[in-house]
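**Student:**
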Amino acid sequence: AEAGLARRRLESLAKIAALGFERLTPSPRRAEPADEVEHPAEQAGGVHDATLLSAVLPFALGQARRHKEPLSILCVAINQLRGVRELFGPAEADRVVACVGTRIAGLLRSSDLICRLDDDRLMVVLPRVELRDAVQVGRKLARKIAEAVDLAGLPIPVTLAVGAASFPATATTLGSLLDAADLALEEARRARYGDVSAPGRADE
148 AEAGLARRRL
158 ESLAKIAALG
168 FERLTPSPRR
178 AEPADEVEHP
188 AEQAGGVHDA
198 TLLSAVLPFA
208 LGQARRHKEP
218 LSILCVAINQ
228 LRGVRELFGP
238 AEADRVVACV
248 GTRIAGLLRS
258 SDLICRLDDD
268 RLMVVLPRVE
278 LRDAVQVGRK
288 LARKIAEAVD
298 LAGLPIPVTL
308 AVGAASFPAT
318 ATTLGSLLDA
328 ADLALEEARR
338 ARYGDVSAPG
348 RADE
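With positions in the sequence shown counted from 1, the corresponding number in this note's numbering is that position plus 147.
(1) Note down the Cα distance separating Asp-266 from Val-247, rounded to an integer number of angstroms.
(2) Is the region 199-215 close to the region 301-312, with three or more CB pairs under 8 Å?
(3) Who pairs with Ser-323 in a beta bridge, going by DSSP?
(4) In chain order, what residues of the same chain lie with their CB nearer than 6 Å to the CB of Ala-327, ignoring the 5 residues before and after it?
(5) Which residue's Cα is closest to the Cα of Val-223: Gly-322, Lys-287, Asp-297?
(6) Can you list the beta strand (DSSP E) stretches of 3 or more residues lying completely in the region 235-301, in chain order?
(7) Pull the bridge partners of Phe-314 from the DSSP assignment, please.
(8) Can you give the Cα-Cα distance for Arg-229 and Phe-235, rounded to whole angstroms?
(9) Nearest-angstrom Cα distance between Glu-185 and Ala-238?
(10) Use the C-beta contact count for Pro-302: other C-beta atoms within 10 angstroms, 16 or more gives buried, fewer gives exposed.
(11) Would DSSP call Ala-224 helix, strand or coil?
(12) Pull up the distance between the alpha-carbon of Arg-250 and that of Arg-290, whole angstroms please.
(13) Would you mind giving the Cβ-Cβ distance between Pro-217 and Val-276, rounded to the nearest angstrom? I have them listed as a contact below 8 Å.
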């Protein structure tokens, strides 16, 4: 288990450091508080280019530490993605990820960041958001995706598993923040579809 977690941390850090992230299609963003994600704004900033994550996440963590503010992240997985890839191929799986990512982006604030971390995970960065509020955001995102039955044009519903973690509530370093989000995501994946999980305490 520890070896698997270490591998996932290295993969996450490598992805964050890389400059070759896949760009998600721009969509409307909203600028209201993070716990209000009911309807996307008609006109707002577009989806951040995922290449920014390598700079934005460490910077955001530094700013949160400097100003004694919270910083939360959501690690998001599409439950049906493996089946889509096996049945319809990788191109269709990529299209589903893009559709889901665009929909999520439209439900976030303009100050938030979403990117495709790897084949199976999306990451959402939520500056100045406490863990309990991040969990609520994750639940609303999961509900909205599940309600959008025609989102990806598939004969099966699309649902999310979401892991939430926050500085300083559950982690105090970049690596431990990613670890906490990954562990929470794995717990959410084992639970019912559409579930959101979060760790319970800060690391030492």
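Idealized CB from N, CA, C, for every residue including glycine.
**Tutor:** Let me spell this out:
(1) 13 Å
(2) no
(3) According to DSSP, residue pairing for Ser-323 in a beta bridge does not occur.
(4) Ala-312, Thr-317, Ala-318, Pro-346
(5) The shortest Cα separation from Val-223 among Gly-322, Lys-287, Asp-297 belongs to Lys-287.
(6) 260-263, 269-274
(7) Listed as beta-bridge partners of Phe-314 by DSSP are Leu-218.
(8) 10 Å
(9) Reliability of the predicted coordinates at Glu-185 is poor, the pLDDT of 39 falling under 50, and the value obtained from them is presented with this limitation in mind. About 30 Å.
(10) Exposed is the call here.
(11) strand
(12) 12 Å
(13) About 6 Å separates the two Cβ atoms, so the contact holds.
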